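Trainee: In the working numbering, the protein residues as written are 4 to 208. Beta carbons are placed, not taken as given, at the ideal position from N, Cα and C, and that holds for glycine. These numbers come from a predicted model, not from an experiment.
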Amino acid sequence: MRDILKTLQENDTCTILYSPKGEQAANNLASALQECDTLKTLNLEGNNISNEMAQRIADYIQQTTPIVGLNFERNAIHERKMQQLIHSLQNDTILTTLNLSNNGIHNKGGRMIVNILPYNQTLLTINLQHNEIGDVVARRLAKSLERNSTLRNIDIGWNKITDEGARYLAGALRKNNSLLTVNLEHNKISSKGVQDLIKVFQDNQ
4 MRDILKTLQE
14 NDTCTILYSP
24 KGEQAANNLA
34 SALQECDTLK
44 TLNLEGNNIS
54 NEMAQRIADY
64 IQQTTPIVGL
74 NFERNAIHER
84 KMQQLIHSLQ
94 NDTILTTLNL
104 SNNGIHNKGG
114 RMIVNILPYN
124 QTLLTINLQH
134 NEIGDVVARR
144 LAKSLERNST
154 LRNIDIGWNK
164 ITDEGARYLA
174 GALRKNNSLL
184 TVNLEHNKIS
194 SKGVQDLIKV
204 FQDNQ
């Protein structure tokens, strides 16, 4: 743990990719985080973090911390872990970038994420690519975007959104002028749905 703490204190970015060290390494990192007040970006891609680790990270975010970027890609973040994370983000005023791509997130987890947007006015970029999100989440996202004026980029490519979800989003984008990019590639949206979205962006310019 001493080596982890030294690394965290000397750098503003910590990257641990596909760590083979398991639960003990996760616990060591969580403990080291409590001693570090300089970290700005934490990349935990591919570590399949435990419920305990998810809770420790959530606790860390809730503290007075300068962390602005969090990458949880490929961590199998299912319902319990999602609840822990979302609770910490509800009133977070620091984090600007959140990557939850490739986590097998379904509609229930997707709703948890987008439901924080009316309350969190700090997040600028959210990546939800390569999950299992459908029109139910697109509809909830549309409602949340109508009450959010800070989010700039959202990636929901490679999910299960259809023309129905695209219509919800198009309606929200007519009222939200702050969002700059929406990635919807490789969903189940026809050319008609794409044209509806393009027209909204053109009208908003």
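Going straight from the alpha carbon of R59 to that of T99, what length do you get?
Mentor: One C-alpha to the other measures close to 19 angstroms.
Trainee: Would you kindly report the start and end of the unbroken alpha helix (DSSP H) that includes D199?
Mentor: Element bounds for D199: S194 to N207.
Trainee: Do you know whose CA, among Y63, D206 and R114, lies nearest E135's CA?
Mentor: The residue with the shortest Cα to Cα distance from E135 is R114.
Trainee: For I216, which of helix, strand or coil comes out of DSSP?
Mentor: Nothing can be reported for residue 216, as the shown portion of the chain is limited to 4 through 208.
Trainee: According to the Cβ coordinates, are L92 and N46 closer than 8 angstroms?
Mentor: No. Outside cutoff.
Trainee: If you draw a straight line from the alpha carbon of R5 to that of L42, how long is it in whole angstroms?
Mentor: Low per-residue confidence applies at R5: pLDDT is 48, beneath 50, and the placement is therefore not dependable enough to give any value.
Trainee: Pull up the distance between the alpha-carbon of N78 and that of N207, whole angstroms please.
Mentor: Going by the C-alpha atoms only, they are around 36 angstroms apart.
Trainee: Taking the Cβ atom as the reference point for each residue, do N106 and F75 lie within a distance shorter than 8 angstroms?
Mentor: Against a cut-off of 8 angstroms, the Cβ pair of F75 and N106 comes out as a contact.
Trainee: In terms of residue numbering, what span does the beta strand (DSSP E) encompassing L45 cover?
Mentor: From DSSP, the beta strand (DSSP E) with L45 extends over T44 to N46.
Trainee: For the beta strand (DSSP E) that L101 lies in, which residues bound it at each end?
Mentor: Residues T100 to N102.
Trainee: Write down every uninterrupted run of the alpha helix (DSSP H) in the stretch 62-143 whose length is 4 residues or greater and which is fully enclosed by it, in chain order.
Mentor: Complete alpha helix (DSSP H) runs here, min 4: 82-92 and 110-117.
Trainee: Under 7 angstroms Cβ to Cβ from Q83, same chain only, skipping five residues before and after it: list those, please.
Mentor: What sits at residue 83 in the sequence shown is Arg, not Gln. Excluding residues within five positions, the ones whose Cβ falls inside 7 angstroms are N54.
Trainee: Go to D166, then tell me how far its alpha helix (DSSP H) extends in each direction, as first and last residue.
Mentor: Where D166 is concerned, the enclosing alpha helix (DSSP H) stretches over D166 to L176.
Trainee: Which residue marks the beginning of the beta strand (DSSP E) containing T184, and which one marks its end?
Mentor: T184 to N186 is the extent of the beta strand (DSSP E) around T184.
Trainee: Looking at C-alpha atoms only, which residue of R150, H90 and Y171 is the closest neighbour of R142?
Mentor: Cα-wise, what sits closest to R142 is Y171.
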